[in-house]
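Final position of the sequence shown in my numbering is 466; the numbers increase by one with none missing.
Every residue, glycine too, gets a C-beta built ideally from N, C-alpha and C.
Beneath this line is the structure, given in structure tokens, with notes to follow.
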Amino acid sequence: MSAGGGKKAIFAALTANAGIAVAKFVGAAITGSGSMLAEAVHSVADTGNQGLLLLGQKRAEQEADELHPFGYGRNRYFYSFVVALVLFSLGSMYAIYEGIHKIQHPEELTSPVVAIVILGIAAALEGYSFMTAMRESSPLREGASWWRFIRNSRSPELPVVLLEDTGALVGLLIALIAVILTVVTDNAIWDGIGTLGIGILLGFIAVVLIVEMKSLLIGEGATPVQNEAIRTNLVDGARIDRVIHLRTEYLGPDEMLVAAKVSIVPGLEIADIAAAIDDAEARVRAAVPAARVMYIEPDLYRTQPV
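Structure follows, in structure tokens:
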């Protein structure tokens, strides 16, 4: 996913969450629902998070300089990690606190129909944001599983938006069930239980995001498919006969560092070796466009490589 492609999903999520937050706060004020208030705070956190993702993309566009010779691409990973922390601290912790408070001190709901209508509107907007993110993800369009995409993506924004939207949709369902149970049983403790459930859900999603973004931030290599493509295209059989060492690392979502030591067929002239390396770089970049920074070291294959 390119930065440009991700921006469409981010803007859709930002617009949806901003409108949802306003509606939920109005609904919470009218009904006194703790689960509705927890969902409103969740939407505020999500709105701020979309802004952080856009800021990360902007910062990542800075040109490389002497201090950061490989550029600023990892800004996108850093700000996505901050998003996960915000979701955990502002979204999850607040909802858990509010849920415990509501369970200990239940408060009667007023105008529950208003809450149900607002939750329905919010679900429609969140669904729009979720479907936009799904459409922007080519692996998902090609049939990859949702969880595999979250785990394997080297671009942070779409996994963040997808997880946030999934959490929002499930959270809305929890809030709706809590409101209905409160009305049916005439027991406001269900509202507190729903709020607590939303907090636990957000905490789980935040932890998943923290783990994934931390892994990207400290550096992930090529995917198994990319790794195999790089190895295959480094070798031409005539001048380069095998890969001795290969190391890869993503410098940003759209830029990978490839460092390889390759075995040169004995007897080649220096000019032929240089041409073989240039051709190998071209083949690798054609097969794996993210492999923009490449360092290939020619060597002779030994039984015990050095």
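- Query: For G359, which option in V403, S305 and A200 has the closest C-alpha, if you only look at C-alpha atoms?
  - Reply: A200
- Residues near T326 in its chain [Cβ-Cβ closer than 6 Å; skip 5 each side]: Within the same chain, T326 has no close Cβ partners at all.
- Query: What are the partner residues of M416, as DSSP defines its beta bridges?
  - Reply: Y410
- Report buried or exposed for P449, applying the criterion of at least 16 other Cβ atoms within 10 angstroms of its Cβ. exposed
- Message: DSSP has S305 in a bridge; who is on the other side?
- Response: S305 is not bridged to any residue.
- Could you say which of L285, E409 and V444 lies nearest to A178 if we only look at CA atoms? L285
- If you scan the segment 374–449 from start to end, which runs of the beta strand (DSSP E) of 3 or more residues do you find wholly inside it? Listed in chain order, the complete beta strand (DSSP E) runs (minimum 3 residues) inside the segment 374–449 are 400–412 and 415–424.
- Query: Is the distance from the Cβ of L336 to the Cβ of L269 below 7 Å?
  - Reply: no
- Task: Quick one: residues in its chain with C-beta nearer than 6 Å to the C-beta of S252, no 5 flanking neighbours on either side, listed in chain order?
- Result: G359, L362, G363 and A366
- Item | Cross-strand partners of P319 (DSSP beta bridge) | Beta bridge pairing from DSSP links P319 with no other residue.
- Message: So, at 7 Å on beta carbons, what are the nonlocal neighbours of T191 in its own chain, with the 5 sequence-adjacent residues on each side left out?
- Response: L269, T270, S271, P272, V274 and A275
- Message: Rounded to the nearest angstrom, what separates E296 and L322 at their Cα positions?
- Response: Cα to Cα, the separation comes out at about 11 Å.
- Query: Do you know how far the Cα of L215 is from the Cα of R443?
  - Reply: 34 Å
- Quick one: Cα of S162 to Cα of I433, how far? With a pLDDT of only 46 at S162, under the threshold of 50, the placement of this residue in the model should not be trusted; the figure read from the coordinates follows. Approximately 34 Å, taken between the alpha carbons.
- Item | Sub-7 Å separation of A504 and M196 beta-carbons | Given that the chain is displayed from residue 161 to residue 466, the structure contains no residue 504 and the question cannot be resolved.
- Query: Excluding sequence positions up to five away, which residues of its chain have a Cβ less than 8 Å from the Cβ of E380?
  - Reply: R314, E409 and Y410
- Query: Can you round the beta-carbon distance between G412 and G211 to whole angstroms, since I take them to be within the 8 Å contact cut?
  - Reply: With 8 Å as the limit, G412 and G211 do not qualify as a contact, their Cβ atoms being about 20 Å apart.
- Item | Contact check, A348 vs A255, beta carbons under 7 Å | no
- Query: Is the distance from the Cβ of I170 to the Cβ of E372 below 7 Å?
  - Reply: no
- Ordered along the chain, which non-local residues of its own chain (more than five positions away) have a Cβ less than 6 Å from that of F290? D325
- Query: Should Y455 and A419 be called a contact, given that it needs their Cβ atoms to be closer than 7 Å?
  - Reply: yes
- Could you please give the first and the last residue of the uninterrupted alpha helix (DSSP H) stretch that includes L206? Inspection of the sequence shows that residue 206 is occupied by Asp rather than by Leu. Taken as a continuous stretch (DSSP letters only), the alpha helix (DSSP H) holding D206 covers G194 to A220.
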